[in-house]
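Chemist: One rule links them: number in the numbering used here = place in the sequence shown (from 1) + 639.
My questions all concern the structure below.
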Amino acid sequence: MRSRSIIHLNVADFAVAIERQADCRLRNCPVIIAPEVAARAEVYDMSEEAYQDGVRKGMPLKKALRFCSGAKVLPPHPDRYEQAMMECFKRVLPYSPLAEMTDQKGHIFVDVTGSSRLFGPPPDIAWRIRSAFRSEMGLDPIWSVASNKLVAKVATRLVKPSGEYIVREGEETHFLQPLPLYLVPGILPEDRKQFGEFNLSFAGQVAGLTMEQLDLIFGRRGQTLFNLVRGVDLSPVQSFCLKKKGICFDHVFGTDTGQVAVVEGVLYCLVEKIGSLLRRQRLSAKNLGLILDFSDGKRIARQAAARPPVHDDFSLFSVAKLALKRAWTRRVRIRHMSLSCSCYESKSLQLELFAGSRAEKEKKEQLMSALDRVRQRFGSGSVRTGRTFSLDAA
């Protein structure tokens, strides 16, 4: 098999880095990014200063502030981070069409296996990309070069918050041997717990087990773990397509709730955000996906299709309610809700066949256009539907 050269770029504490670009007063002071203060608010991201004080992602905000009482707390701005990620991505594409954004948190993989003749060795390409990030965006990414995505990602974890790392082909197993299992992507907490029962906490210790021994403990998952601790990863770098990019908004409930009015009110707010973005980009949703996280830790994901594709809030809400009905089948309170529009296309210009349908569609178009203009001028809360007033009393 032909050897590969994979670059992993990681802008440490990405959300904080973007907020500091917007407000230079935040530099060199502890910053915590979390939703509005509520009983269930959790840390979305934090600066290195807050991390050193013990703050971690997913930690309840109240607990985080006990560790770092002097931190500046900011609400997350997902749209701002998404736009910044796209700007980062544009500076990577000239070096390889095989570039993959794994999330909106500053991580990008680039396969430069066939780019050496044009741009030089992989480390030189990584330096060029880093220089572009620094000079044009004011961001300073960590980077690593390895033969696969798994090892490249581990390498950047070792040099965080700044630096670079090169793992040469053939050194993957030796590189992972001294590392604790929690640094290896793909090894789950339940896997580590089971390894702990055998007093195994490092990749090199697990690599000493045979396939038969792992199969005896983990069953079918043994093969996966056998490869992970040896740095074997054949997964390709997926090329990114703008037309397939999804839209996603989420909400963390301040207090876990089972009230239908509150849940549907939040759902409508998420629909309004998606609808506004779709109309601004002259796009229509083909389907909506809904994820519910419950108080007991269980997660359910469902989706519903829009036929034909739609972009007005009323039609989107009808589709979203269908997805909610399919997902909310348990008598357990909801902690978190996420609504996504993972597949959408350009607005159809086809006219309605019947006059009544055409008039109704035009009325919706005019109403949505008027609402968008008002909200754009006076703010998103300037016009509200009755359904969202249930949130005020919640």
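Note that CB positions come from ideal geometry on N, CA and C, so glycine has one too.
Three-state secondary structure (DSSP) at leucine 988?
Modeler: At leucine 988, the pLDDT of 43 sits below 50, so the modelled position is not reliable; the number obtained from the coordinates is stated separately. If DSSP states are grouped into helix, strand and coil, leucine 988 belongs with coil.
Chemist: Taking the alpha carbon of leucine 1037 as the point to measure from, which residue in Pro715, Tyr690, Pro717 has its own alpha carbon closest?
Modeler: The structure shown does not extend to residue 1037, since the chain spans only 640 to 1033, so no value can be given for it.
Chemist: With H, G and I counted as helix, E and B as strand and the rest as coil, what does DSSP make of isoleucine 645?
Modeler: Strand at isoleucine 645.
Chemist: With distances taken Cα to Cα, identify the nearest neighbour of glutamine 942 among Ser954, Phe953, His950, Gly928.
Modeler: The shortest Cα separation from glutamine 942 among Ser954, Phe953, His950, Gly928 belongs to Gly928.
Chemist: In chain order, what residues of the same chain have a beta carbon less than 7 Å from the beta carbon of threonine 1024, not counting five sequence neighbours either side?
Modeler: Taken in chain order, the residues that qualify are Tyr907.
Chemist: Could you tell me if glutamate 850 is buried or exposed, where buried requires 16 or more neighbouring beta carbons within 10 angstroms of its beta carbon?
Modeler: This sequence places methionine at residue 850; glutamate is not what is there. By the neighbour-count rule (16 or more Cβ atoms within 10 Å), methionine 850 is not buried but exposed.
Chemist: Using CA coordinates, which residue listed in Phe706, Val876, Pro699, Gln833 is at the minimum distance from glutamate 688?
Modeler: Per the Cα distances, Phe706.
Chemist: Do the CB positions of methionine 685 and aspartate 652 come within less than 8 Å of each other?
Modeler: Yes; because the gap between Cβ atoms is below 8 Å, this pair is in contact.
Chemist: Mind checking who arginine 938 pairs with in its DSSP beta bridge?
Modeler: Its beta-bridge partners are Asp932.
Chemist: Check for me: the beta strand (DSSP E) holding phenylalanine 857 runs from which residue to which?
Modeler: Here phenylalanine 857 belongs to no beta strand (DSSP E); instead the alpha helix (DSSP H) covers 850 to 857.
Chemist: Going by beta-carbon coordinates alone, are leucine 931 and alanine 966 separated by less than 8 Å?
Modeler: Closer than 8 Å, so yes.
Chemist: Quick check on alanine 944: does DSSP put it in helix, strand or coil?
Modeler: Here alanine 944 sits in strand by DSSP.
Chemist: According to the Cβ coordinates, are alanine 723 and isoleucine 646 closer than 8 Å?
Modeler: No, Cβ-Cβ distance for alanine 723 and isoleucine 646 is not below 8 Å.
Chemist: Ends of the beta strand (DSSP E) at leucine 713?
Modeler: Residues 711 to 713.
Chemist: Taking only runs that begin and end inside the segment 793 to 839, name each unbroken alpha helix (DSSP H) of 4 or more residues, in chain order.
Modeler: For the segment 793 to 839, whole alpha helix (DSSP H) runs of length 4 or above, ordered along the chain, are 811 to 815, 828 to 835.
Chemist: Which residue wins for smallest C-alpha separation from leucine 648, given the options Ser979, Tyr683, Leu778, Arg969?
Modeler: Among Ser979, Tyr683, Leu778, Arg969, the Cα nearest to that of leucine 648 is on Leu778.
Chemist: So which of Lys744, Glu681, Val731 has the shortest CA-CA distance to phenylalanine 892?
Modeler: Comparing Cα positions, the closest option is Glu681.
Chemist: Compute the beta-carbon to beta-carbon distance between alanine 924 and leucine 873, rounded to the nearest angstrom, for a pair I have assumed lies under 8 Å.
Modeler: About 34 Å separates the two Cβ atoms, so there is no contact after all.
Chemist: Taking threonine 752 and serine 644 to be in contact with their CB atoms under 8 Å, please state how far apart those CB atoms are, rounded to whole angstroms.
Modeler: Indeed, because the Cβ distance is near 5 Å, the residues count as touching under 8 Å.
Chemist: Output the boundary residues of the beta strand (DSSP E) element that contains aspartate 750.
Modeler: Residues 746 to 750.
Chemist: Rounding to the nearest angstrom, what Cα-Cα distance links arginine 921 and aspartate 952 in this structure?
Modeler: Distance between the alpha carbons of arginine 921 and aspartate 952 is about 14 Å.
Chemist: Identify whether methionine 968 lies in helix, strand or coil by the three-state DSSP scheme.
Modeler: Reading the sequence as shown, one finds threonine at residue 968 and not methionine. Three-state DSSP puts threonine 968 in coil, outside helix and strand.
Chemist: Let me know the secondary structure DSSP gives asparagine 866 once reduced to three states.
Modeler: The answer is helix: DSSP assigns asparagine 866 an H, G or I state.
Chemist: Let me confirm a value: valine 1013 is counted as buried when at least 16 other C-beta atoms fall within 10 Å, else exposed. Which label applies?
Modeler: Valine 1013 should be labelled exposed.
Chemist: Residue range of the beta strand (DSSP E) that glycine 893 falls in?
Modeler: From DSSP, the beta strand (DSSP E) with glycine 893 extends over 886 to 896.
Chemist: Please say whether isoleucine 764 and serine 774 have beta carbons closer to each other than 8 Å?
Modeler: Not in contact: serine 774 and isoleucine 764 (Cβ atoms no closer than 8 Å).
Chemist: Alpha carbon to alpha carbon, how far is leucine 961 from arginine 946? Give it in angstroms, no decimals.
Modeler: Their backbone Cα atoms lie some 13 Å apart in a straight line.
Chemist: Which residue from Leu917, Gly825, Ser979 puts its Cα closest to that of alanine 959?
Modeler: Comparing Cα positions, the closest option is Ser979.
Chemist: Do the CB positions of alanine 771 and arginine 730 come within less than 8 Å of each other?
Modeler: Yes, they are a contact pair.
Chemist: Please identify the residue among Arg969, His950, Leu963 whose C-alpha is closest to the C-alpha of glutamine 1005.
Modeler: Measuring from the Cα of glutamine 1005, the nearest candidate turns out to be His950.
Chemist: Take serine 878 as the anchor and find which of Arg970, Ser735, Ala846 has the nearest alpha-carbon.
Modeler: Here the closest residue by C-alpha is Ser735.
Chemist: Is it true that the segment 814 to 821 meets the segment 858 to 877, where meeting means three or more beta-carbon pairs spaced less than 8 Å apart?
Modeler: Touching, per the Cβ criterion.
Chemist: Measure the Cβ-Cβ separation of leucine 713 and valine 650 and say whether it is below 8 Å.
Modeler: For leucine 713 and valine 650, no; Cβs fall outside 8 Å.
Chemist: Is it right to say alanine 738 is buried, meaning 16 or more other beta carbons lie within 10 angstroms of its own, or is it exposed?
Modeler: Label assigned to alanine 738: buried.
Chemist: Helix, strand or coil, according to DSSP, for cysteine 663 in the structure here?
Modeler: If DSSP states are grouped into helix, strand and coil, cysteine 663 belongs with the helices.
Chemist: CB phenylalanine 834 to CB valine 845, shorter than 8 Å?
Modeler: A contact, by the Cβ cut-off of 8 Å.
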